[in-house]
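Asks:
Residue numbers (this note's numbering): 80 to 400.
1. Could you pull the start and end residues of the alpha helix (DSSP H) that residue 132 belongs to?
2. Can you give me the start and stop residues for the alpha helix (DSSP H) that residue 239 sits inside?
3. Residue 225: which of 247, 239 and 197 sits nearest, CA to CA?
4. Skipping 5 residues on each side, what residues in its chain have a beta carbon closer than 7 Å to that of residue 386?
5. Considering only the alpha carbon of each residue, which of 288, 280 and 253 lies closest to residue 274?
6. Report the CB separation of residue 97 from residue 147 in whole angstroms; it is logged as a contact under 8 Å.
7. On a CA-only basis, which of 177, 194, 201 and 160 is nearest residue 185? Give me that one, please.
8. Give the secondary structure of residue 149 by DSSP, where H, G and I count as helix, E and B as strand, and everything else as coil.
9. Beta-carbon within less than 7 Å of residue 310's beta-carbon, same chain only, minus the 5 sequence neighbours each way: which residues are those?
10. Starting from residue 311, trace the beta strand (DSSP E) both ways and give me its first and last residue.
11. If we ignore side chains and look at the alpha-carbon of each, how far apart do residue 324 and residue 355 end up?
12. Within 10 Å of its beta-carbon, does residue 212 have 16 or more other beta-carbons around it, so buried, or fewer, so exposed?
13. Say whether the region 281 to 297 touches the region 329 to 349, bearing in mind that this needs 3 or more beta-carbon pairs closer than 8 Å, one atom from each stretch.
14. For residue 174, name the three-state secondary structure that DSSP assigns.
15. Taking DSSP as the reference, what is the three-state secondary structure of residue 389?
16. Specify whether the region 132 to 146 and the region 105 to 117 touch according to this definition: at least 3 beta carbon pairs, one from each stretch, less than 8 Å apart.
17. Considering Cα atoms alone, identify which of 263, 199 and 187 is closest to residue 244.
18. Among 84, 103 and 115, which has the Cα closest to the Cα of residue 377?
19. Could you check whether the region 175 to 189 touches the region 134 to 141, counting it as contact only if at least three pairs of C-beta atoms, one from each stretch, sit closer than 8 Å?
20. Are the beta-carbon atoms of residue 214 and residue 270 separated by less than 8 Å?
21. Nearest by alpha-carbon distance to residue 88: which of 178, 117 and 206 is it?
22. Which one of 242, 241 and 261 has the shortest CA to CA distance from residue 248?
23. Quick check: the Cα distance between residue 246 and residue 218, rounded to an integer number of angstroms?
24. What is the residue span of the beta strand (DSSP E) that residue 299 lies within?
25. Hey, could you find the ends of the alpha helix (DSSP H) residue 306 is sitting in?
26. What did DSSP end up calling residue 264 once you bin it into helix, strand or coil?
27. Quick one: residues in its chain with C-beta nearer than 6 Å to the C-beta of residue 250, no 5 flanking neighbours on either side, listed in chain order?
28. Three-state secondary structure (DSSP) at residue 224?
29. What span of residues does the alpha helix (DSSP H) with residue 322 cover, start to end?
30. For a quick check, are the C-beta atoms of residue 103 and residue 282 less than 8 Å apart?
31. So what does DSSP say about residue 374, is it helix, strand or coil?
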C-alpha cells in the first residue's frame, strides 16, 4: 500500500475509476484533494473536450490526477496520448483494449502507466509490456465489463500470485471493509466508481444518487450478454426495455446504438430514466448516504484499519483455542 501511494504521489490508496463521458473536473479534483487519485475518463469525448476538463481540474487542484483512456472506446487514442504528454499528466490508466502499443510512448515521458485487466493472462501481458500497476477489475464493477466474468474475490489473489507489479482491486468495493478485504487478498489499493457517484462532490443528477443509495443487492442488471458486450447498470425503465429487446433478438449494432455515451449522459446527468441508463456496480446495495469525498475517504481508512486490527485479534484468539 505504501509503495503505491509513494509511486502515485497520493496519501491514500484510493483511486477513481474512469467514468467515460460523464467525467468532470469537480469530482476528479475532489478525489485528489481528499488524498486519493482523481481520474478523468476520456470515453468518446474529443481531445478538445478532454483538454477543457484537464484545464478546469488544474484550476481546482494542484495535486496529481490521472487520465483514463479506454482504447477500444475512444476514437481519439493517439490524440489523447499527445494531450497527456502536452499537459504533463503524470499518470495514465489504459483500459478496454491492448495497452502494449502505447506504453512505450508514455513511459519515456516519465508517465506512470496503469492498465485495467480482467484475467491473469491480461495482467501478464501488461506487465511484460512495461505497465507499472495493474487494476484487476472484477465482474461486480459498473459500466462496461469483461465477458470473462471473474469476481474480484477470485481475480485479485490470482493476480498477486502471477505478477510482481502492484495490483489495485476494482469492482464491488465502496467502504473500509472492502478496502481491508482487498488488502488482505494482496492488493495494494482499490479503485472506486459507483461509491464516488454517490457523494456530495459528484455533479450528477440527484435522481441517480438517490437511486444508488436506495438500491438493494439485486438492483443491478447486465446488458449486452447476448451480443458479447456486457455493461452493468441499475434496473431502470430504459434498462428493462433493453433486456426485453435482447430476449427478442438484438443485433450488436442495435445494442451499441442503444448504449452510447449520449444515453449514459441522459441518465446520469439529466435523470432521464426513460431515455438513458445509469451505470452501477453491485456495491450499490451497500450504499446508504451521500458523504463528501473527503468524509468518505477518511471513514474508509478508519474502517479498514479497525477491521484489519479486529481480524488479527480474532485470528490470534482462534489460533490459541
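Idealized CB from N, CA, C, for every residue including glycine. Nothing here was measured: the structure is a model prediction, and the numbers come from that model.
Replies: Per the coordinate set shown:
1. 126 to 139
2. 231 to 241
3. Among 247, 239 and 197, the Cα nearest to that of residue 225 belongs to 197.
4. 255, 256 and 259
5. 253
6. 3 Å
7. In terms of Cα proximity to residue 185, the closest of 177, 194, 201 and 160 is 160.
8. If DSSP states are grouped into helix, strand and coil, residue 149 belongs with the strands.
9. 222, 223, 224, 302, 303 and 338
10. 310 to 313
11. 15 Å
12. Per the 10 Å Cβ criterion, buried.
13. Output reads yes: the region 329 to 349 touches the region 281 to 297.
14. Residue 174 falls in the strand class under three-state DSSP.
15. In this structure, residue 389 counts as helix in the three-state DSSP scheme.
16. yes
17. Of the candidates 263, 199 and 187, the one whose C-alpha sits nearest the C-alpha of residue 244 is 199.
18. 115
19. no
20. At a Cβ-Cβ threshold of 8 Å, residue 214 and residue 270 count as neighbours.
21. 117
22. 261
23. 16 Å
24. 299 to 302
25. No alpha helix (DSSP H) holds residue 306; DSSP gives it neither H nor E.
26. coil
27. 216, 217, 219, 220 and 231
28. coil
29. Where residue 322 is concerned, the enclosing alpha helix (DSSP H) stretches over 316 to 327.
30. yes
31. helix
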